[in-house]
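Below is one structure, written out as C-alpha cells, with a few remarks after it.
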Amino acid sequence: MAQYRVVSGSVALITIQNPPVNALRAAVREGLFNTIKRASSDPQVRSVVLSGHNGTFCGGADIKEFGNVSLPGPHLVEIFQLMEDLVKPVVAAIEGFALGGGLELALACHYRIGHSKAKVGFPEVNLGLFPGAGGSQRLPRLVGVPAALDIIITGRHVAAGEALKLGLLDRVIDQNTVDAAVTFSKIQKCTSPPISGKPLDNHRLGNRPCPPLENMDAFFEEAMKRVHSRARGAVAPITCVQAVRGAATLPFHKGMELEKMLLGTLFNSAQAQASQYCFFAERAGARWSMPSGARWDTCKAKPISTAAVIGLGTMGRGITVALARAGLSVVAVETQEHQLAEAQRAVSRMLKGGGRVSYSPDLQAAAEVDLVVEAVFEDMAIKEKIFKQLSEVCKPGTLLTTNTSTLDIDRLASCTRDPQLVVGMHFFAPAHIMRLLEVVYGPRSSPEAVATAMQLGKRMGKVSVAVGNCTGFVGNRMLKPYLEQANFLLEEGATPELVDAALEEFGFPMGVFKMSDLSGLDVGWRVRKEEGLTGPGVTAGQPMRIRHGRRYSPLGDLMCEEGRYGQKTGSGWYLYDKPGGRVARSDPWLRNFLEQYRARHGLVARRISQQEVLERCLYALINEGFRVLEDGIAASPQNIDAIYVFGYSWPKHRGGPMFYASQVGLARVLEGLNHYHQAHPDVPHLEPCSLLRRLVASGSPPINKWSEVVKGHRSQL
Ligand SMILES: CC(C)(COP(=O)(O)OP(=O)(O)OC[C@H]1O[C@@H](n2cnc3c(N)ncnc32)[C@H](O)[C@@H]1OP(=O)(O)O)[C@@H](O)C(=O)NCCC(=O)NCCSC(=O)C[C@@H](O)CCCCCCCCCCCCC(=O)O
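The working numbering applies: residue -15 is where the sequence shown begins, and numbers increase by one.
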C-alpha cells in the first residue's frame, strides 16, 4: 500500500499504491506511517520523496471508509505531523491529482514539485466536510488567507501553473516528476538554510505564522455573509470560514484543536452523508443497465467524431457548443436563415472562436455524420417529419438522437429505417453548462446505441443516466406532481412567495414559481393544450377544476390567457420591472386575482404552513420517484437522485429526493402521503404507491438495499 525503495543512493522513494486514485484507506495510512518511520531511521537515507502510483498522487481520504464509527489505522493528522517533523527533507512529487487529504499530505511535506498537468485542491466542501486533517491550518500559512479560503470554500481544482504562482507548488515541470523530485530533494539537503535554529523549519508549515491580513475582522465578516447567502442551508461552507479564521488568529496547535472540534460537528452529520452519497450517485450512472440485461461492461460504444445538430434555438446552440468542446466536428443545421445567422454569432461567442463548427440551412449537410442530435421545437409532427428525412439522408449506421424532454422515443424510432439506432439525449438548459444528460432508450434502441450516447455524455463531461421511455422520462415525469401541488396550494390559500420561500429555505436556488417565470409559463400551457387539458380540445361544459375525473388547477392557463408568461413578458407569478427583467417582486394584481379565483370557485383560503408546502410538493415528487422505480424507468434510486441533483438543482446536501426520503424515514413519508391523500382523494399523485408501501412493510431498508425489494416487487407485478 506504500512501497518503500531507496533510489539514487540516498533517497527514500515512498509510493502510495491504492488504485484507482490512491485514496488513503487504513492500509495506506498504516503503510505511510511505517515507511516514514523507516526513512527516518534508515542511515542510508538523507531525503525522502513521496509519490503516487500510476500517475496519480492521491485522491484524498477514502470516502468509502467514512461510514465507519471509528476509522481503523493511524489517523491522518498523526501521520502528517510525523512527516512534517522529519529531520530529512521530504518532497511531494505530484502527478495527476493531489486532492483533499492528498493535498494535506503534500502540505505536510517540506517541498512540493508538480507536473504541469497536475491539479490540486480541497474538494471536501462538496462532501459536506472541510480539509480536516491539517489542511485548513496549513494552506493559509502557505498561500495566505484570501487564496486559501477561496480554494477551500469553492472546492475547485487548481491547475499547476496557478498553484505555482500562489506558492502552493515550489516547482512545476514537464518531465518525469518523480525523477525531478529525487534530484531536487538531494539538492535541498545541502542548500536549505536553517531558520530558527532548526534545518527545514521554514518549510514546516505548522511552524509558520499565517501571513498577516489587514482588516481581518471585516474580511471574515464579509466572507461569512457571502457564504451564508450562497450556501442554501449547507453547513460545510460556513465551517470552512470558521476553520480558516482559526488559522489566521490562533497558534497552529490551537488551530488544529479548533479544526478537530469543527470536523466532529460535520463528520457524521446528515448533510455530510447526503453529500457523500451524491459523490457515488454521480458515478453510479456510468454502470448502466437495460431491462434486456444489456450493461455498461458488456456493450461497446461506436466511435463518434462528427455530429449534426438540427434546430438552433437555445437548446440546439448549447448542444452544439457542448459537442464542439468535446472535440467533435459539428454541423449545425437550421432551416430559418435569420435564426441560422443569429445562432452562428451566439455559438462563436460561446466557443470564443474555438471548436470545429460549420453551419447549413439544409438537412442534407448531415449526410456523412456519425451522430445527429435533433433539437427542434417540441412538436411530435415536426419531429416525426425530421426523423423520416434524417433516415433517408444520413449514411447507414448514423445514430439518430432527439433532445425531446417528454415525447415518445419509440414513435420517433418507428419513422426511421433503423429504429435500433434511435435514442433520446435529453439535455438541460443551458445545455453547455448543466451537467445532466438523460439518455433515453426505447424498446427498440440497441445496447450499442445506448453505450454510444452514454460514452458521448462522458466526453462532454456530463453526468449521464440511462432511463426508460415514458412521458417526461424520469426528471419531468417527477416534476409534474410537484408543480401540480404548488398550484393546488395557491388555490387553498398560499401565495407564490410563501411556496417559494419554503422551497428556497429547503435549499433550492429558486422556488417553483420563480422557476416557472424563468422558463416561461407558456411552455406548460402549450403542453397542456396538446394533452387536451385546456384550450379548444376541452369538451364543452366540463367543470374547470376537474380533468379526466381528477382535480385540475387551471391557474397557469388563466395566467397565460392574461398574457402573463413570466420574465419574458414582465409579469407572471411575480412582477418584473420590464419584459426580460430578472428581479421578482410581489404583485398586488396576483393577490387580487387569486382572491377572485377562490371566491368564484367557493374556495376558502386557509393558513398554509411551510411544512405543508414541503411535504405536499416533495412527497408528491418522491412518490412519483417510487413509481418510476416500480415501472423500471430508472434502474436505481441513485440514478433518480443524480438526475435531480444535476438537472433540477436539488440541494446536494439533501442528497436527492430518494435519499431525502430515506433520511426523513419511509414510514414518515408514507404517513404524510396517506394523510394528504385522505384530505385530497381526487389527487391520485398523493396516493402512496405500492413500492413505497412494500418498502415500509419490509422494515424500510437502507437505500442501497431497495433494489432487492424492487426486484421482488416487479416479479409480482
Ligand atoms: C480523483 C478524481 C478527480 C479522479 O477522477 P476520475 O474521473 O479519474 O475518476 P472517478 O471520479 O470516476 O473515480 C474513480 C473511482 O475512484 C473512486 N474514488 C475517487 N476518489 C475517491 C476517494 N477519495 N475515496 C474513495 N473512492 C474514491 C470513485 O468513486 C470511482 O469509483 P466508482 O466505483 O465509484 O466508479 C475524482 O475521483 C475525485 O474527485 N475524487 C474525490 C476527491 C475528493 O473529494 N477528495 C477528498 C476526500 S475527503 C478527505 O480527503 C478528507 C480529509 O480532508 C480529512 C479527513 C479527516 C478524516 C478524519 C476522520 C476522523 C473522524 C473524526 C470525527 C470525529 C467524530 C467524533 O468526534 O465523534
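Ideal Cβ positions, reconstructed from N, Cα and C, are used throughout, including at glycine.
Problem - ligand 3 heavy atom lying under 8 angstroms from the CB of Pro124 - result: Among the ligands modelled here, namely ligand 1, ligand 3 does not occur.
Practice task
Return helix, strand or coil for Met299, following the three-state DSSP convention.
Solution key: helix
Problem - Proximity winner among Arg419, Asn453, Val407 and Ala413, relative to Thr436 (alpha-carbon distances) - result: Val407
Practice task
Label Ala583 either buried or exposed according to how many other C-beta atoms from any shown protein chain fall within 10 Å of its C-beta, with 16 as the threshold for buried.
Solution key: exposed
Exercise for the section: Report yes or no: do the segment 536 to 550 and the segment 467 to 482 share at least 3 C-beta pairs separated by less than 8 angstroms? Expected result: yes
Problem - Burial state of Gln260 (16 or more Cβ within 10 Å) - result: buried
Exercise for the section: Closer than 7 angstroms by C-beta to Cys673: which residues in its own chain qualify, once you throw out the five before and the five after it? Chain order, please. Expected result: Cβ within range, chain order: Asn607, Phe610, Arg611 and Glu614.
Practice task
Tell me whether Tyr5 counts as near ligand 1, meaning its Cβ is closer than 8 angstroms to at least one heavy atom of that ligand.
Solution key: Per the sequence shown, the amino acid found at residue 5 is Val instead of Tyr. Yes, the Cβ of Val5 comes within 8 angstroms of a heavy atom of ligand 1.
Handout entry: Where Ser735 falls, given that 16 or more other Cβ within 10 Å makes a residue buried
Key = Nothing about residue 735 can be reported from this structure: the residues present for the chain run from -15 to 701 only.
Practice task
Take Cys224 as the anchor and find which of Trp272, Ala351 and Gly112 has the nearest alpha-carbon.
Solution key: Ranking Trp272, Ala351 and Gly112 by Cα distance to Cys224 puts Gly112 first.
Handout entry: CA-to-CA distance, Ser54 to Lys244, given in whole angstroms
Key = 14 angstroms
Handout entry: Ala663 classed as buried or exposed, judged by whether at least 16 other C-beta atoms fall within 10 angstroms
Key = exposed
Handout entry: Phe361 versus Asn110, Thr386, Pro414 and Asp185, residue with shortest Cα-Cα distance
Key = Nearest Cα to Phe361 within the set Asn110, Thr386, Pro414 and Asp185: Thr386.
Exercise for the section: Report the rounded CA-to-CA distance for Gly85 versus Val680, giving the unit in angstroms. Expected result: 39 angstroms
Exercise for the section: Please say whether Phe64 and Ala102 have beta carbons closer to each other than 9 angstroms? Expected result: no
Handout entry: Close beta carbons around Tyr628, own chain, < 8 angstroms, minus the five adjacent residues each side
Key = Gly459, Met462, Trp634, Gly640 and Pro641
Practice task
Helix, strand or coil for Phe81, going by three-state DSSP, please let me know.
Solution key: In this structure, Phe81 counts as strand in the three-state DSSP scheme.
Practice task
Taking Tyr603 as part of the alpha helix (DSSP H), name the residues at either end of that continuous run.
Solution key: First-last of the alpha helix (DSSP H) with Tyr603: Gln594 to Glu614.
Problem - Opening and closing residue of the beta strand (DSSP E) in which Ile(-2) lies - result: Val(-5) to Ile0
Practice task
Please find out if some non-hydrogen atom of ligand 1 comes closer than 8 angstroms to the beta-carbon of Asp46.
Solution key: Yes, Cβ of Asp46 sits closer than 8 angstroms to a heavy atom of ligand 1.
Handout entry: Proximity winner among Ala258, Pro221, Asp394 and Leu312, relative to Ser120 (alpha-carbon distances)
Key = Pro221
Exercise for the section: Taking the CB atoms as reference points, tell me whether Leu487 and Gly495 lie closer together than 9 angstroms. Expected result: Contact check for Leu487 against Gly495 passes: the beta carbons are separated by less than 9 angstroms.
Handout entry: Buried versus exposed, by CB contacts within 10 Å (16 or more), Ile0
Key = With 16 or more other Cβ atoms within 10 Å, it is buried.
Practice task
Taking Arg265 as the reference, give the member of Arg591, Arg678, Lys48 and Ala308 with the closest Cα.
Solution key: What sits at residue 265 in the sequence shown is Ala, not Arg. Ala265 has its Cα closest to that of Lys48, out of Arg591, Arg678, Lys48 and Ala308.
Problem - Alpha-carbon spacing of Ser180 relative to Arg(-11), whole angstroms - result: Low local confidence applies: a pLDDT of 44 at Ser180 is under 50, so the model's placement there is unreliable, and no value is given.
Exercise for the section: Under 6 angstroms Cβ to Cβ from Gly787, same chain only, skipping five residues before and after it: list those, please. Expected result: Not covered by the structure: residue 787. The range shown for the chain is -15 to 701.
Handout entry: Lys244 beta carbon near ligand 1 (any heavy atom closer than 8 angstroms)
Key = Result yes, Cβ under 8 angstroms from ligand 1.
Problem - Backbone CA spacing between Gly297 and Gln328 [nearest angstrom] - result: 11 angstroms
Practice task
Could you have a look at Tyr(-12) and say whether DSSP puts it in helix, strand or coil?
Solution key: Correct three-state label for Tyr(-12): strand.
Handout entry: Range covered by the alpha helix (DSSP H) that runs through Lys21
Key = That run of the alpha helix (DSSP H) goes Ala10 to Ser25.
Practice task
Within its chain, find whatever has a CB closer than 8 angstroms to the CB of Gln172; leave out the 5 residues flanking it on each side and keep chain order.
Solution key: Ser31, Pro73, Val75, His94 and Tyr95
Practice task
Please classify Ser273: does DSSP put it in a helix, a strand, or coil?
Solution key: strand
Problem - Inter-residue spacing [alpha-carbon to alpha-carbon] between Gly643 and Gly15 - result: Reading off the sequence, residue 643 comes out as Phe, not Gly. Distance between the alpha carbons of Phe643 and Gly15: 35 angstroms.
Practice task
Look up Met409 in the DSSP assignment and say whether it is helix, strand or coil.
Solution key: strand
Problem - Val483 classed as buried or exposed, judged by whether at least 16 other C-beta atoms fall within 10 angstroms - result: buried
Exercise for the section: In the DSSP assignment, find the beta strand (DSSP E) that holds Ile97 and state where it starts and stops. Expected result: Tyr95 to His99
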